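Order-wise, the sequence lines are chains A and B.
Be aware that the first sequence starts at 990, since it is given in my numbering, and climbs by one per residue.
Be aware that the second sequence starts at 1007, since it is given in my numbering, and climbs by one per residue.
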Amino acid sequence: MNIQNNAPNPDAPTAGATHTADATTVEEGLAIQEEQAKFDSVAATEVAMQNTLLTPRFYTTDFDELDAIDVSSVREDWDKLIDQMVSDPNKGHFRKNEDWDHVDWDGMEPQLKKEFIDFLISSCTAEFSGCVLYKEMKRRGANKDITQLFQLMARDEARHAGFINDALREAGVAVNLGFLTQKKKYTYFRPKFIYYATYLSEKIGYARYITIFRHLEAHPEHRFHPIFKWFEEWCNDEFSHGEAFALLMKTDPKLTSGKNVYWIKFFLTAVYATMYVRDHQRPAFHKALGVDPDWYAHEVFTKTSKLTEQIFPITLDIEHPRWQPTLEKLQKANVDLAEATASGRFFAKLGAQARAAAAFVSLFTIPVKKHQVPASTRLEPAY
Amino acid sequence: MGLLTKDFERAPCTVEISHKFESLHAHVRFNNGAVIYPGDEVKVHGEEIMAPFGEIVVEDREATIIRASKLEQLWTRLTGDFEVMELCEFSFSEEVTL
Chain A
990 MNIQNNAPNP DAPTAGATHT ADATTVEEGL AIQEEQAKFD SVAATEVAMQ NTLLTPRFYT
1050 TDFDELDAID VSSVREDWDK LIDQMVSDPN KGHFRKNEDW DHVDWDGMEP QLKKEFIDFL
1110 ISSCTAEFSG CVLYKEMKRR GANKDITQLF QLMARDEARH AGFINDALRE AGVAVNLGFL
1170 TQKKKYTYFR PKFIYYATYL SEKIGYARYI TIFRHLEAHP EHRFHPIFKW FEEWCNDEFS
1230 HGEAFALLMK TDPKLTSGKN VYWIKFFLTA VYATMYVRDH QRPAFHKALG VDPDWYAHEV
1290 FTKTSKLTEQ IFPITLDIEH PRWQPTLEKL QKANVDLAEA TASGRFFAKL GAQARAAAAF
1350 VSLFTIPVKK HQVPASTRLE PAY
Chain B
1007 MGLLTKDFER APCTVEISHK FESLHAHVRF NNGAVIYPGD EVKVHGEEIM APFGEIVVED
1067 REATIIRASK LEQLWTRLTG DFEVMELCEF SFSEEVTL
């Protein structure tokens, strides 16, 4: 094993920043990290840690199509957004300071601890996967506007992943990055599906984090871990990434019209339904936060719908009488499916799968709400 | 590349793993310009690469690229899109009841 001691990039600035949270570029961050590496000696404590192998996917897409994007129709907004990301307002934010209270992991109720760690690992993996995807797009693209955007987003995602990783380490969970030497398959996403899914994932991510942040501002007694204090700046990064994807979609009106509206509806339904089902798997986590998962889901969907009006011509009708009961049926079918799978009951499994599919179709066929998409796309975080 | 047969290729690659506080990332770069297509599999040879916390490991390794058959490539192009949901922060946990 070769632990790097030399700067990976001779052009990387070495003066100025002394903490990687202050680093402006990936290269500068790496250079500082090498300096710090000399002082880190944690191998001994890692032996006793619970090992969690990160298993992100690897992706390919149509890179020619990506290169063909022309942002000149949104140039003004685009340059402003990129400048803001280059200026990196959150540089230096993602580090522990005196606000990072001591966490009593040993005193934490076991079920809560389990669910909270699961929450941290899934967040870390998602940030990490975003980083892998964005970096790949940066590396294989040739269009300067696009590669710059993906480089900046990869920087943010790696920073978030590192921050969550540190919280996990405190809890005695070591993230294992050894997956690279396992055989891995590259899957394929069409560029437009990357836009829909990542746009939504960034915007719903913003809505999720800010909802928890505001709730804990009002109810600090429920803040059982200091990481929640960092959610505001964190979600502002998510917000900017979402803005970039909104502008990308704006460059090609076909992406948000015609039969693509059905794809948008599909992604909205799938993302909302997935979130609902997953969140209901963590009852102790939500109880500790003092949050009712049904209230939370409704709140997040409302905010996300409002935000996505900037570019999508439709929103889901989450007030429709069929919406909530069907989500509950989907959740129930999902639990039954897991039980049937675990106990090897074939017909029970088939039945649960059919109920889940029927619930999804029922959600998907609720008529949408249509609206006029505003001429100007850009939004600022306001929640 | 055949309709049903896989091809194997060797490619030198550079692996970079950062296990640092501010940047947790891992990337593989092929040094001979090899391009990955949908459905291809990549195996980096040698010991598992572990970066201790606070360090970056960069290593030159040999990788085998297992090229997907034409049919498999087509299948991945058709079905891969549905895995896109994994990019959502709340999609990862495999366990339904914790």
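Note that beta-carbon positions come from the ideal geometry of N, C-alpha and C, so glycine has one too.
Please read these numbers as outputs of a predicted model, since none were measured by experiment.
Nearest to residue i by alpha carbon, out of the options?
i: residue 1115(A); options: 1227(A), 1084(A), 1081(A); result: 1227(A)
i: residue 1054(B); options: 1075(A), 1301(A), 1101(A), 1169(A); result: 1169(A)
i: residue 1189(A); options: 1063(A), 1294(A), 1307(A), 1344(A); result: 1294(A)
i: residue 1177(A); options: 1216(A), 1109(A), 1051(A); result: 1051(A)
i: residue 1072(A); options: 1230(A), 1086(A), 1122(A); result: 1230(A)
i: residue 943(A); options: 1207(A), 1257(A), 1184(A), 1199(A); result: The question about residue 943(A) has no answer here: the residues shown for chain A are numbered 990 through 1372.
i: residue 1014(B); options: 1088(B), 1042(B), 1062(B); result: 1042(B)
i: residue 1371(A); options: 1296(A), 1331(A), 1341(A), 1313(A); result: 1296(A)
i: residue 1219(A); options: 1232(A), 1149(A), 1257(A), 1094(A); result: 1149(A)
i: residue 1244(A); options: 1054(A), 1109(A), 1145(A), 1043(A); result: 1054(A)
i: residue 1193(A); options: 1263(A), 1147(A), 1366(A); result: 1263(A)
i: residue 1080(A); options: 1112(A), 1119(A), 1147(A); result: 1147(A)
i: residue 1035(B); options: 1066(B), 1061(B), 1074(B), 1085(B); result: 1066(B)
Any Cβ of chain B within less than 8 Å of the Cβ of residue i?
i: residue 1251(A); result: no
i: residue 1024(A); result: Annotation note: pLDDT 45 at residue 1024(A) (below 50); position unreliable, no value reported.
i: residue 1178(A); result: yes
i: residue 1003(A); result: Because the pLDDT at residue 1003(A) is just 39, under 50, the model does not fix this residue reliably, and the value given afterwards should be weighed accordingly. Taking Cβ atoms only, chain B never reaches closer than 8 Å to residue 1003(A), which makes this a no.
i: residue 1244(A); result: no
i: residue 1046(A); result: yes
i: residue 1132(A); result: no
i: residue 1158(A); result: yes
i: residue 1199(A); result: no
i: residue 1224(A); result: no
i: residue 1148(A); result: yes
i: residue 1031(A); result: Low per-residue confidence applies at residue 1031(A): pLDDT is 42, beneath 50, and the placement is therefore not dependable, though the value from the model is reported in the following sentence. True, the Cβ-Cβ gap to chain B drops below 8 Å.
State yes or no: is the beta carbon of residue i nearer than 8 Å to at least one beta carbon in chain A?
i: residue 1044(B); result: yes
i: residue 1086(B); result: yes
i: residue 1029(B); result: yes
i: residue 1015(B); result: no
i: residue 1089(B); result: yes
i: residue 1040(B); result: no
i: residue 1105(B); result: The displayed coordinates of chain B run from 1007 to 1104. Any statement about residue 1105(B) would go beyond what the structure contains.
i: residue 1026(B); result: yes
i: residue 1076(B); result: no
i: residue 1059(B); result: yes
i: residue 1011(B); result: no
i: residue 1052(B); result: yes
Cα separation between residue i and residue j?
i: residue 1134(A); j: residue 1060(A); result: 8 Å
i: residue 1026(B); j: residue 1064(B); result: 13 Å
i: residue 1224(A); j: residue 1009(B); result: 46 Å
i: residue 1041(A); j: residue 1024(B); result: 16 Å
i: residue 1083(A); j: residue 1058(B); result: 20 Å
i: residue 1302(A); j: residue 1260(A); result: 17 Å
i: residue 1106(A); j: residue 1361(A); result: 42 Å
i: residue 1164(A); j: residue 1158(A); result: 8 Å
i: residue 994(A); j: residue 1315(A); result: Low per-residue confidence applies at residue 994(A): pLDDT is 34, beneath 50, and the placement is therefore not dependable, though the value from the model is reported in the following sentence. Those two C-alpha atoms are separated by around 56 Å.
i: residue 1130(A); j: residue 1136(A); result: 6 Å
i: residue 1248(A); j: residue 1255(A); result: 11 Å
i: residue 1140(A); j: residue 1123(A); result: 7 Å
i: residue 1066(A); j: residue 1051(B); result: 45 Å
i: residue 1064(A); j: residue 1145(A); result: 23 Å
i: residue 1286(A); j: residue 1043(A); result: 27 Å
i: residue 1241(A); j: residue 1300(A); result: 11 Å
i: residue 1311(A); j: residue 1352(A); result: 7 Å
Leaving out five residues on either side along the sequence, give the residues of the same chain with a beta carbon under 8 Å from the beta carbon of residue i.
i: residue 1028(A); result: Confidence at residue 1028(A) is low in this model, with a pLDDT of 35, below 50, so the placement of that residue should be treated as unreliable; the coordinate-derived value is given next. Closer than 8 Å at the Cβ level, and outside the excluded window around residue 1028(A), lies no residue.
i: residue 1125(A); result: 1047, 1048, 1049
i: residue 1094(A); result: 1102, 1159, 1160, 1161
i: residue 1039(A); result: 1161, 1162, 1163
Closer than 7 Å by C-beta to residue i: which residues in its own chain qualify, once you throw out the five before and the five after it? Chain order, please.
i: residue 1345(A); result: 1319, 1322, 1323, 1326
i: residue 1025(A); result: Residue confidence for residue 1025(A) is low, a pLDDT of 43 falling below 50, so the modelled location carries little weight and cannot support an answer.
i: residue 1031(B); result: 1024
i: residue 1329(A); result: 1337, 1338, 1341
i: residue 1047(B); result: 1072
i: residue 1078(B); result: 1045
i: residue 1173(A); result: 1047
i: residue 1108(A); result: 1271, 1274
Could you name the residues of the same chain whose beta carbon sits closer than 6 Å to that of residue i, not counting the 5 residues immediately before and after it, in chain order?
i: residue 1196(A); result: 1289, 1292, 1293
i: residue 1282(A); result: 1268, 1269, 1275
i: residue 1221(A); result: 1202
i: residue 1279(A); result: 1208, 1211
Looking at the strands, I want to know which residues DSSP matches up with residue i.
i: residue 1044(B); result: Paired residues: none, contrary to the question.
i: residue 1159(A); result: According to DSSP, which records beta bridges pairwise, residue 1159(A) is partnered with nothing at all.
i: residue 1039(A); result: 1162(A)
i: residue 1016(B); result: 1070(B)
i: residue 1214(A); result: For residue 1214(A), which the question treats as bridged, DSSP gives no partner whatsoever.
Is residue i near the ligand HEM - that is, is its Cβ less than 7 Å away from at least one heavy atom of it?
i: residue 1163(A); result: This structure lacks the ligand HEM, and indeed carries no ligand of any kind.
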